[in-house]
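Asks: Line by line, the protein sequences give chains H and U.
Following full-length UniProt numbering, the numbering of the first sequence begins with 1 at its first residue and continues without gaps.
Following full-length UniProt numbering, the numbering of the second sequence begins with 1 at its first residue and continues without gaps.
Backbone N, C-alpha and C define an ideal beta-carbon position, used for all residues, glycine too.
Protein chains: 2
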Amino acid sequence: MVSKSQIKLITSLEQKKHRTKMGLFVVEGKKGIEEVLESNFELHSLFTTQDIFNTYPDRTHIISEVELKKISRLKTAQIGLAIFKIPFRNEIKLEGLVIALDGVRDPGNLGTIIRLCDWFGVETLLCSLDTVDCYNSKVVQATMGSITRVKIHYMDLPLFLKENNSHFKAGTFLEGENVYSSEIPKNSIIVLGNEANGISAKIESLVEKKINIPQFSMAENTESLNVATATAILLSEYRRKENY
Amino acid sequence: MVSKSQIKLITSLEQKKHRTKMGLFVVEGKKGIEEVLESNFELHSLFTTQDIFNTYPDRTHIISEVELKKISRLKTAQIGLAIFKIPFRNEIKLEGLVIALDGVRDPGNLGTIIRLCDWFGVETLLCSLDTVDCYNSKVVQATMGSITRVKIHYMDLPLFLKENNSHFKAGTFLEGENVYSSEIPKNSIIVLGNEANGISAKIESLVEKKINIPQFSMAENTESLNVATATAILLSEYRRKENY
Chain H
1 MVSKSQIKLI
11 TSLEQKKHRT
21 KMGLFVVEGK
31 KGIEEVLESN
41 FELHSLFTTQ
51 DIFNTYPDRT
61 HIISEVELKK
71 ISRLKTAQIG
81 LAIFKIPFRN
91 EIKLEGLVIA
101 LDGVRDPGNL
111 GTIIRLCDWF
121 GVETLLCSLD
131 TVDCYNSKVV
141 QATMGSITRV
151 KIHYMDLPLF
161 LKENNSHFKA
171 GTFLEGENVY
181 SSEIPKNSII
191 VLGNEANGIS
201 AKIESLVEKK
211 INIPQFSMAE
221 NTESLNVATA
231 TAILLSEYRR
241 KENY
Chain U
1 MVSKSQIKLI
11 TSLEQKKHRT
21 KMGLFVVEGK
31 KGIEEVLESN
41 FELHSLFTTQ
51 DIFNTYPDRT
61 HIISEVELKK
71 ISRLKTAQIG
81 LAIFKIPFRN
91 EIKLEGLVIA
101 LDGVRDPGNL
111 GTIIRLCDWF
121 GVETLLCSLD
131 TVDCYNSKVV
141 QATMGSITRV
151 KIHYMDLPLF
161 LKENNSHFKA
171 GTFLEGENVY
181 SSEIPKNSII
191 VLGNEANGIS
201 AKIESLVEKK
211 INIPQFSMAE
221 NTESLNVATA
231 TAILLSEYRR
241 KENY
């Protein structure tokens with residue numbers, strides 16, 4: 001059974017301010033829940049129509065499909081909904097390549113970027129305070145479990161970049177150097193910008209190298225690459241240069 | 001004013017069978033409409049709340065915001081909705097690199113892939129018959145105008161690949177050769193597969209080389225790359241090898 005207070009808690013976690021206040025976030029669907037259960041994230045409570053998760057019986061509530069439908073945010077509710085504790089990350093691990101996002105707003109883009117960081121072995125992702133919250137359910141869903149493996153930190157990004165001395169700072173700009181021929185040091189932070197406006201002026205002034213993915217077609221009015229596909233190409237290119 | 005029969009036509013074009021039968025598709029929003037108006041696609045009719053498009057007054061209908069809201073499929077209707085004729089493409093231009101999709105189902109993925117083809121100068125995109133329709137409004141929206149520049153053909157893809165002699169056939173598979181070190185001829189068709197199941201067995205048997213984007217992290221349960229990000233990396237890598 002789901003109690004009224006549990007429904008209230010789950011509904012409140014749709015909002016970032018409540019997630020931050022409670023230190024909790026929601027994961028839906030069998031695969032997503034299994035991925036997070038296997039990680040070192042701590043389970044708060046689990047609501048499921050099928051007793052298949054074999055873990056923490058004291059925090060597992062078997063519920064009906066009608067009840068699941070009531071608490072689910074998915075068009076088609078899937079087997080279960082779990083609440084996990086947002087991990088507290090004190091220390092920022094800066095080693096090798098780090099990605100930083102300056103105002104990325106679309107949950108799908110952030111989810112894809114987290115998944116790409118996971119694939120390309122980027123352990124730390126820095127996000128400006130106006131980047132969409134990574135514990136937003138659409139982001140969590142889009143990461144396909146990668147959210148448990150990439151360490152994500154929200155921060156005053158301009159201040160952080162200004163004070164950091166260990167890493168080289170690069171960013172993507174239309175007028176930047178060709179990514180295929182430009183060299184980037186092993187310890188670098190690469191900044192990617194907002195979907196509509198790119199990198200903010202404040203961060204532009206802190207970047208030591210501007211890089212660009214060249215366009216190979218002649219069309220003049222082609223839209224510049226989406227931030228998630230640009231991240232895919234940059235990470236691929238960085239790892240290729242390092243390894244092959 | 002929008003007549004009842006016009007509303008009926010616009011609504012019917014949400015379905016692929018009607019788009020195919022009528023040879024028409026819908027574009028919404030100022031930017032999207034302008035992009036298609038500037039191309040060689042032919043306008044059928046334009047419904048707008050602001051007379052800003054300066055073109056084809058005989059096919060332009062000034063309507064109220066209430067009327068636009070009635071015919072729009074967007075959450076927030078934007079300035080106008082246009083109907084264009086689907087271009088008839090008789091001949092398939094096979095020159096240089098060609099991308100082929102085997103059962104890509106997600107409109108956002110197809111839209112991103114069309115946009116990537118445009119950026120990387122891939123003129124021809126082949127789609128299996130079970131790939132999502134490129135004139136689906138979500139796809140059109142996601143291409144950001146690139147749909148007017150990339151030539152897209154739906155076909156019996158296994159048959160086409162079997163009968164084609166001009167191009168080398170490659171495809172992405174988990175057990176494939178490392179994309180960074182594998183060579184692909186100038187005239188190649190690269191096949192990408194369905195989101196859940198990859199490339200079908202029928203097409204697998206026709207592929208001459210299997211390629212793969214290696215994973216750079218140690219995590220064992222990382223999801224394989226999404227088809228759109230995989231396309232981004234493949235196209236980037238192909239053009240890099242060719243040009244740098």
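1) For residue 199 of chain H, does the three-state DSSP call read helix, strand or coil?
2) So, is the C-beta of residue 215 of chain H closer than 7 angstroms to a C-beta in chain U?
3) Using the beta-carbon of each residue, which ones in chain H are nearer than 7 angstroms to residue 116 of chain U?
4) Which runs of the alpha helix (DSSP H), 4 residues or longer, sit entirely within the UniProt domain "tRNA/rRNA methyltransferase SpoU type" (97–235) of chain H?
5) Taking C-beta to C-beta, are residue 125 of chain U and residue 147 of chain U nearer than 7 angstroms?
6) Report yes if the C-beta distance between residue 103 of chain U and residue 130 of chain U is below 7 angstroms; otherwise report no.
7) Please name the residue or residues paired with residue 82 of chain U in a DSSP beta bridge.
8) Between residue 102 of chain H and the ligand NAP, is there a pair consisting of the residue's CB and a ligand heavy atom that are separated by less than 6 angstroms?
9) Taking the alpha helix (DSSP H) that residue 20 of chain U belongs to, which residues open and close that run?
10) Give me the Cα-Cα distance between residue 195 of chain U and residue 165 of chain H, rounded to the nearest whole angstrom.
11) Against chain U, with Cβ distances strictly below 7 angstroms, would residue 96 of chain H count as a contact?
12) Under 7 angstroms, Cβ to Cβ, is there at least one residue of chain H near residue 105 of chain U?
13) Using a Cβ cut-off of 7 angstroms (strictly closer), state whether residue 233 of chain H contacts chain U.
14) Using CA atoms only, rank isn't needed, just tell me which of H/211, H/106 and H/140 is closest to residue 27 of chain H.
15) Compare the C-beta of residue 170 of chain U with all C-beta atoms of chain H and state if any pair is closer than 7 angstroms.
16) Just checking: is the beta-carbon of residue 144 of chain U within a distance shorter than 7 angstroms of some beta-carbon in chain B?
17) Report the residue from H/236, H/31, H/33 and H/203 whose alpha carbon sits nearest the alpha carbon of residue 121 of chain H.
18) Pull out every residue of the segment 171–205 of chain H whose Cβ sits closer than 7 angstroms to any Cβ of chain U, in chain order.
19) Compare the beta carbon distance of residue 229 of chain U and residue 116 of chain U with 7 angstroms and say whether it is the shorter of the two.
20) Just confirm the distance between the C-beta atoms of residue 145 of chain U and residue 109 of chain H, as a whole number of angstroms; I'd bet it's less than 8 angstroms.
21) List the residues of chain U that residue 160 of chain H touches, going by C-beta distances under 9 angstroms, in chain order.
22) In the DSSP output, what is residue 62 of chain U paired with across the bridge?
23) How about residue 120 of chain H: is its C-beta nearer than 7 angstroms to some C-beta of chain U?
24) Taking 7 angstroms as the threshold (C-beta atoms), are residue 67 of chain U and residue 132 of chain U in contact?
25) My understanding is that residue 184 of chain H touches residue 135 of chain H, with C-beta atoms under 8 angstroms, so please give their C-beta distance in whole angstroms.
26) Once DSSP output is grouped into helix, strand and coil, what is the label at residue 87 of chain H?
27) If we ignore side chains and look at the alpha-carbon of each, how far apart do residue 192 of chain H and residue 107 of chain H end up?
28) Within its chain, find whatever has a CB closer than 7 angstroms to the CB of residue 23 of chain H; leave out the 5 residues flanking it on each side and keep chain order.
29) Cβ closer than 7 angstroms: which chain H residues qualify as neighbours of residue 240 of chain U?
30) So with CB distances below 7 angstroms, who are the chain H contacts of residue 225 of chain U?
31) Buried or exposed, going by whether 16 or more other CB atoms sit within 10 Å of the CB of residue 82 of chain H?
32) Looking at chain U, which residues of the segment 40–56 of chain H have a Cβ within less than 8 angstroms of any of its Cβ atoms?
33) For residue 221 of chain H, return the contacting residues in chain U, with the cut-off set at a CB-CB distance below 8 angstroms.
34) Going along chain U, which residues have a C-beta under 9 angstroms from residue 128 of chain H?
35) Can you check whether the C-beta of residue 236 of chain H is within less than 7 angstroms of a C-beta belonging to chain U?
36) Considering only residues of the same chain and omitting the five flanking positions on each side of residue 57 of chain U, which have a CB-CB separation below 6 angstroms?
Replies: Reading off the structure:
1) coil
2) yes
3) 229
4) 107–119, 137–143, 157–163 and 201–204
5) no
6) yes
7) U/27 and U/46
8) Of ligands this structure carries none, so the ligand NAP is not represented either.
9) 16–22
10) 42 angstroms
11) no
12) no
13) yes
14) H/140
15) no
16) Of the chains in the structure shown, none is chain B; the protein chains are H and U.
17) H/236
18) 180 and 181
19) no
20) 19 angstroms between Cβ atoms; not a contact.
21) Within 9 angstroms Cβ-Cβ: nothing; residue 160 of chain H doesn't reach chain U, min ~24 angstroms.
22) U/48
23) yes
24) no
25) In fact, because the Cβ distance is near 30 angstroms, the residues do not count as touching under 8 angstroms.
26) coil
27) 15 angstroms
28) 85 and 86
29) 180
30) 119
31) buried
32) none
33) 35, 38 and 145
34) Under the 9 angstroms cutoff, chain U gives no residues; its nearest Cβ is about 22 angstroms from residue 128 of chain H.
35) yes
36) none
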